[in-house]
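Take a look at the structure below.
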Amino acid sequence: MRIALGVSGGIAAYKAAELARLLIQRGHEVQAILTDAAQQFITPLTFATLTGRKPITSLFSDGSAESTLASSVEHIGVAQENDLLVVAPATANVLAQFAHGFAGDFLSTMYLAFTGPVVLAPAMNANMWGHPATRSNLEVLRGRGHVIVSPGDGFLACGVIGPGRLAEPVEIADAVDRACKPQVVHDLVGETVLITAGPTQEPIDPVRFLSNRSSGKMGFALAEAAAARGAHVILISGPVDLHTPSGVERVDVKTAEEMRNAVFAHLDGVSIVIKCAAVADFRVASVPQHKIKKTMARFSVELDPTPDILAELGRKKGDRLLIGFAAETENLVQEAKRKLEAKNCDMIVGNLVGQSDTGFESDDNQVILVTRSGTTELPRAPKRVIADQIFNESMKLRLLATAPYAH
Ligand code: CTP
6 MRIALGVSGG IAAYKAAELA RLLIQRGHEV QAILTDAAQQ FITPLTFATL
56 TGRKPITSLF SDGSAESTLA SSVEHIGVAQ ENDLLVVAPA TANVLAQFAH
106 GFAGDFLSTM YLAFTGPVVL APAMNANMWG HPATRSNLEV LRGRGHVIVS
156 PGDGFLACGV IGPGRLAEPV EIADAVDRAC KPQVVHDLVG ETVLITAGPT
206 QEPIDPVRFL SNRSSGKMGF ALAEAAAARG AHVILISGPV DLHTPSGVER
256 VDVKTAEEMR NAVFAHLDGV SIVIKCAAVA DFRVASVPQH KIKKTMARFS
306 VELDPTPDIL AELGRKKGDR LLIGFAAETE NLVQEAKRKL EAKNCDMIVG
356 NLVGQSDTGF ESDDNQVILV TRSGTTELPR APKRVIADQI FNESMKLRLL
406 ATAPYAH
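The numbering used here applies: residue 6 is where the sequence shown begins, and numbers increase by one.
Have a look at this one:
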């Protein structure tokens, strides 16, 4: 794995050199990033020697036009090139910067641009570690799914005995290895999950159609995640240019009507339905047999509504878990809540579309999960990560529904 190793300014910075050595020994490539304060404790040369790469020591360059241009986007490049970010030691200041999204130096800027797993190994004075500000920053960071390698108790450099001493490098390296290979849970064994994905195409004439910009990536990521967690997966897909995830049963359709028929033909034994497809809401009322010629100065087509597959599934719900999507350009929460009730779903995954970096076509997504117990906003992440978070939330709903004291 390619690992970005952030080192911030604490006396424990010297232990980061040992961590770099361990990570290299375990076969990782390491790119060190030293904050200004870290460089007061340890030199870039130490990391250059251990990692074989020039450490990053500044957001800005040495002043030459060429290197200014290169460094102006380097944080994005480093964020994209690396699979995992580990910060050891992570000072109270780094935790605060990360928790609040400040981007004042290379490390904090790169953090904001980074979408992979993050491991933080804090080290600080015992009182700073126990301060409510640090506690609440840690809560925020844990809430984002970051791994916190807790500091140990011991004799601290400030002369105090207590918690705050950086975890041992081998412990941090183990946490990095675990985060690189996230434990696959097999909590969907015995479930049959039906997922719809992609757009639909509604013919206008034999050569033209109405469609939308859905790429199908979110639905395929859901299918891959469900199969990895042990489910039998049926993926009903509109026309997309994607490979079928391994172990997934795929059914290709074109129109909303075909998708509806495929869904109901495969519904027997299905315990979870996720309607991720961007189904066309209208179809041409009467499709001509022959191509429409351009001799007409203007022409109009009459559109009829397509069947609302999710609403029909909601009416015939039984004890199936029913999850819909809401792609909106405005009033996201309001619309997601309305669709949750109107279509009798257990969860609506809402996302804002019409932006370039998330939603349709993008590899990343930023969504909210709306259930009857509340709304959870997930941070922007790759669609495959979002897919797992959707299943985590679904499994909580399943537990709630079967809990003896559930209302
Ligand atoms: N959906 C469906 N059949 C349709 C239209 C939508 O099953 N004919 C499903 C989608 O797969 C999605 C959910 O309904 O899970 C919401 O789709 P969306 O396009 O966001 O909403 P609409 O119901 O079409 O409502 P509106 O166009 O007013 O936003």
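Glycine included, every Cβ here is placed at the ideal spot set by N, Cα and C.
Problem - DSSP state of residue 412 mapped onto helix, strand, coil - result: In the sequence shown, the residue the question calls residue 412 occupies position 407. Residue placement at residue 412 is flagged as unreliable, the pLDDT there being 45, under the threshold of 50; the coordinate-derived value follows with that caveat. Assigned with DSSP and collapsed to three states, residue 412 falls in coil, not helix or strand.
Exercise for the section: Determine the direct distance from the alpha carbon of residue 11 to that of residue 155, and round the result to whole angstroms. Expected result: Mapped onto the sequence shown, residue 155 falls at position 150. Mapped onto the sequence shown, residue 11 falls at position 6. Between the C-alpha atoms of residue 155 and residue 11 there is a straight-line separation of about 17 Å.
Practice task
For the segment 274-286 and the segment 191-211, state whether three or more C-beta atom pairs, one from each stretch, are separated by less than 8 Å.
Solution key: Of all C-beta pairs linking the segment 274-286 to the segment 191-211, three or more are shorter than 8 Å, placing the two stretches in contact.
Exercise for the section: Can you have a look at residue 324 and say buried or exposed, based on whether 16 or more other CB atoms are within 10 angstroms of its CB? Expected result: Counted from its first residue, the sequence shown places residue 324 at position 319. Counting other Cβ atoms within 10 Å of its Cβ, residue 324 stays below 16 and is therefore classed as exposed.
Problem - Ordered list of alpha helix (DSSP H) runs contained in the segment 56-132, each at least 4 residues - result: The qualifying runs are 70-77, 79-86, 97-105 and 111-118.
Practice task
Use the C-beta contact count for residue 302: other C-beta atoms within 10 angstroms, 16 or more gives buried, fewer gives exposed.
Solution key: The residue you call residue 302 lines up with position 297 of the sequence shown. Its Cβ having fewer than 16 others within 10 Å, residue 302 is exposed.
Handout entry: heavy atom of the ligand CTP below 8 Å from residue 273 C-beta
Key = Within the sequence shown, residue 273 is the residue found at index 268, counting from 1. Checking the Cβ of residue 273 against the ligand CTP gives no.
Practice task
Tell me whether residue 314 counts as near the ligand CTP, meaning its Cβ is closer than 8 Å to at least one heavy atom of that ligand.
Solution key: For the purposes of this step, residue 314 is taken as the residue at position 309 of the sequence shown. It does: the Cβ of residue 314 is within 8 Å (strictly closer) of some heavy atom of the ligand CTP.
Exercise for the section: Take the Cβ of residue 214 as the centre, count every other Cβ of all protein chains shown within 10 Å, and call the residue buried at 16 or more, exposed below. Expected result: Taking the sequence shown and counting its residues from 1, one reaches residue 214 at position 209. Flag for residue 214 reads buried.
Handout entry: Segments assigned beta strand (DSSP E), at least 3 residues, entirely inside the segment 287-375
Key = Complete beta strand (DSSP E) runs here, min 3: 287-289, 308-310, 326-333 and 352-357.
Exercise for the section: Please work out which residues of its chain come closer than 6 Å, Cβ to Cβ, to residue 402, disregarding the five sequence neighbours upstream and downstream, and give them in chain order. Expected result: Translated into the one-based positions of the sequence shown, residue 402 becomes position 397. If we look at residue 402 and ignore the five residues flanking it on each side, its Cβ neighbours are 351.
Problem - beta-carbon residue 286 near the ligand CTP non-hydrogen atom, thresh 8 Å - result: For the purposes of this step, residue 286 is taken as residue 281 along the sequence shown, with counting starting at 1. Taking non-hydrogen atoms of the ligand CTP into account, the C-beta of residue 286 is found less than 8 Å away from one of them.
Handout entry: Alpha-carbon spacing of residue 400 relative to residue 378, whole angstroms
Key = Your numbering for residue 400 matches position 395 in the sequence shown. Your numbering for residue 378 matches position 373 in the sequence shown. Residue 400 and residue 378 have their C-alpha atoms spaced approximately 14 Å apart.
Problem - residue 298 Cβ short of 8 Å to the ligand CTP heavy atom set - result: For the purposes of this step, residue 298 is taken as the residue at position 293 of the sequence shown. Proximity of the beta carbon of residue 298 to the ligand CTP is not indicated: no heavy atom of the ligand is located closer than 8 Å.
Handout entry: Pick from 96, 56, 142 and 382 that is closest to residue 41, judged by C-alpha positions
Key = As a working mapping, residue 41 is identified with position 36 in the sequence shown. Considering only alpha carbons, the answer is 96.
Practice task
Give a single yes or no on whether residue 335 has its beta carbon closer than 8 Å to a heavy atom of the ligand CTP.
Solution key: Against the sequence shown, residue 335 aligns to sequence position 330. No, the ligand CTP has no heavy atom inside 8 Å of this Cβ.
Handout entry: Test item: CB-CB of residue 132 and residue 99 under 9 Å
Key = Residue mapping note: residue 132 aligns to position 127 of the sequence shown, counting from 1. Residue mapping note: residue 99 aligns to position 94 of the sequence shown, counting from 1. It is not a contact, given that the beta carbons lie outside the stated cut-off.
Practice task
Might you give, ordered along the chain, the residues of its own chain that have their beta carbon closer than 7 Å to the beta carbon of residue 319, omitting 5 neighbours on each side?
Solution key: Start at 1 with the first residue of the sequence shown, and residue 319 comes out as number 314. Closer than 7 Å at Cβ, skipping near neighbours: 327, 348, 349 and 350.
Exercise for the section: Check whether the Cβ atoms of residue 104 and residue 64 lie closer than 9 Å to each other. Expected result: Position 99 of the sequence shown, counted from the start, is the residue given in the question as residue 104. Position 59 of the sequence shown, counted from the start, is the residue given in the question as residue 64. For residue 104 and residue 64, no; Cβs fall outside 9 Å.
Exercise for the section: Decide yes or no for the touch test of the segment 23-33 against the segment 172-188: beta carbon pairs closer than 8 Å, at least 3 of them. Expected result: Flag = yes, the segment 23-33 and the segment 172-188 touch.
Handout entry: Closest Cα partner of residue 386 within the set 340, 269, 22 and 84
Key = Walking along the sequence shown from the start, residue 386 turns up at place 381. Selected option, being the one with the closest Cα: 84.
Problem - residue 300 to residue 240 span [Cα, whole Å] - result: The residue you call residue 300 lines up with position 295 of the sequence shown. The residue you call residue 240 lines up with position 235 of the sequence shown. As the crow flies, the alpha-carbon of residue 300 is around 42 Å from that of residue 240.
Problem - Three or more C-beta pairs below 8 Å linking the segment 246-256 and the segment 219-227 - result: A contact between stretches requires three or more CB pairs, one per stretch, nearer than 8 Å, and the segment 246-256 meets this requirement with the segment 219-227.
Practice task
For the beta strand (DSSP E) holding residue 238, just list the boundary residues, first then last.
Solution key: For the purposes of this step, residue 238 is taken as the residue at position 233 of the sequence shown. Where residue 238 is concerned, the enclosing beta strand (DSSP E) stretches over 237-242.
Exercise for the section: From the DSSP output, in three-state form, read off residue 280 for me. Expected result: Against the sequence shown, residue 280 aligns to sequence position 275. Residue 280: strand per DSSP, three-state reduction.
Exercise for the section: In the DSSP assignment, find the unbroken alpha helix (DSSP H) run with residue 140 in it and report its ends. Expected result: By 1-based counting over the sequence shown, the position of residue 140 is 135. In the DSSP annotation of this structure, the continuous segment of the alpha helix (DSSP H) that includes residue 140 starts and ends at 137-148.
Practice task
Just confirm the distance between the C-beta atoms of residue 124 and residue 184, as a whole number of angstroms; I'd bet it's less than 8 Å.
Solution key: On the sequence shown, position 119 is the one that residue 124 refers to. On the sequence shown, position 179 is the one that residue 184 refers to. Right, their Cβ atoms sit about 5 Å apart.
Handout entry: CB of residue 270 within 9 Å of CB of residue 392, strictly
Key = Here residue 270 refers to the residue found at position 265 of the sequence shown. Here residue 392 refers to the residue found at position 387 of the sequence shown. Contact annotation: residue 270 and residue 392 have beta-carbon atoms that are not nearer than 9 Å.
Exercise for the section: For the beta strand (DSSP E) holding residue 202, just list the boundary residues, first then last. Expected result: Working through the sequence shown from its first residue, we reach residue 202 at position 197. For residue 202, the enclosing beta strand (DSSP E) starts and ends at 197-202.
Problem - beta-carbon residue 311 near the ligand CTP non-hydrogen atom, thresh 8 Å - result: Counting from one through the sequence shown, the residue named residue 311 turns up at place 306. Distance from the C-beta of residue 311 to the nearest heavy atom of the ligand CTP is below 8 Å.
Problem - Limits of the unbroken beta strand (DSSP E) element including residue 38 - result: Reading the sequence shown from its first residue, position 33 is the one you call residue 38. Start and end: 34-39.
Exercise for the section: Have a look at 36, 81, 55 and 107 and flag the residue whose alpha-carbon is nearest the alpha-carbon of residue 61. Expected result: Here residue 61 refers to the residue found at position 56 of the sequence shown. Answer by Cα proximity: 36.
Practice task
Using 10 angstroms around the beta-carbon of residue 232, count the other beta-carbons present and answer buried if the total reaches 16, otherwise exposed.
Solution key: By 1-based counting over the sequence shown, the position of residue 232 is 227. Answer is buried; the Cβ neighbour count reaches 16.
Handout entry: residue 3 Cβ short of 8 Å to the ligand CTP heavy atom set
Key = Past the boundaries of the shown model lies residue 3; the chain is included only from 6 to 412, so the question cannot be answered.
Practice task
Determine the closest residue to residue 313 out of 19, 344 and 107, with distance taken between C-alpha atoms.
Solution key: On the sequence shown, residue 313 is found 308 positions in, with the first residue counted as 1. Nearest to residue 313 by C-alpha distance, out of 19, 344 and 107, is 344.
Handout entry: Same chain, Cβ closer than 6 Å to residue 115, neighbours up to 5 away in sequence not counted
Key = Looking up residue 115 in the sequence shown gives position 110. Once the five neighbours on either side are set aside, the close Cβ partners of residue 115 are 80, 83 and 84.
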